[in-house]
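The sequence shown begins at 2 in the working numbering and counts up one residue at a time. To keep things clear, I will list the structure first and then write my remarks on it.
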Amino acid sequence: MSTSWFQKTFTLPSKSRGSYLITDHVESSLPEIKDYKVGILNLFIQHTSCALSLNENWDSDVREDMSDALDRIAPEDRKGNLYRHSAEGLDDMPVRSKSYTFPT
Numbered sequence: 002m003s004t005s006w007f008q009k010t011f012t013l014p015s016k017s018r019g020s021y022l023i024t025d026h027v028e029s030s031l032p033e034i035k036d037y038k039v040g041i042l043n044l045f046i047q048h049t050s051c052a053l054s055l056n057e058n059w060d061s062d063v064r065e066d067m068s069d070a071l072d073r074i075a076p077e078d079r080k081g082n083l084y085r086h087s088a089e090g091l092d093d094m095p096v097r098s099k100s101y102t103f104p105t
């Protein structure tokens with residue numbers, strides 16, 4: 002058995018707030034992974050307002066329920082009363098708080 006690896010940078014399309022499946026985009030951006038039968042994929046997100054979550058894909062309600070649960074954990078702050086950090090906009094801190102809950 003031989004050992005090999007590769008590294009590649011790709012960009013996910015910008016989307017509005019929510020939970021999205023990225024499997025198809027990852028596979029199309031990394032056609033090299035089809036050559037591997039066993040391996041590990043490491044994804045590095047270069048922005049703090051994004052997070053990766055591993056979850057089931059059978060029922061799309063799971064993504065909606067997760068978004069609703071995260072909104073209860075870190076609610077939006079349209080009046081600027083909940084969070085100290087607002088230099089990057091009132092929507093920045095809730096997003097950061099939500100991304101911290103997924104240590105993947």
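Don't be surprised by glycine CBs; every beta carbon is placed ideally from N, CA and C. Computed from a predicted structure; not experimentally measured.
Checklist entry - In terms of residue numbering, what span does the alpha helix (DSSP H) encompassing Pro95 cover? => result 93-101 is the extent of the alpha helix (DSSP H) around Pro95.
Checklist entry - Do you know whose CA, among Ser17, Thr24, Leu42, lies nearest Gln8's CA? => result For Gln8, the closest of Ser17, Thr24, Leu42 by C-alpha to C-alpha distance is Leu42.
Next on the checklist: Does Ser137 pass the burial test, meaning 16 or more other C-beta atoms within 10 Å, or should it be called exposed?
Outcome noted: The chain is shown from 2 up to 105; residue 137 falls before or after that span and cannot be answered.
Next on the checklist: According to DSSP, is Thr4 part of a helix, a strand, or is it coil?
Outcome noted: Coil, per DSSP.
Checklist entry - With 16 as the cutoff for other CB atoms within 10 Å, does Lys99 come out buried or exposed? => result So Lys99 ends up on the buried side.
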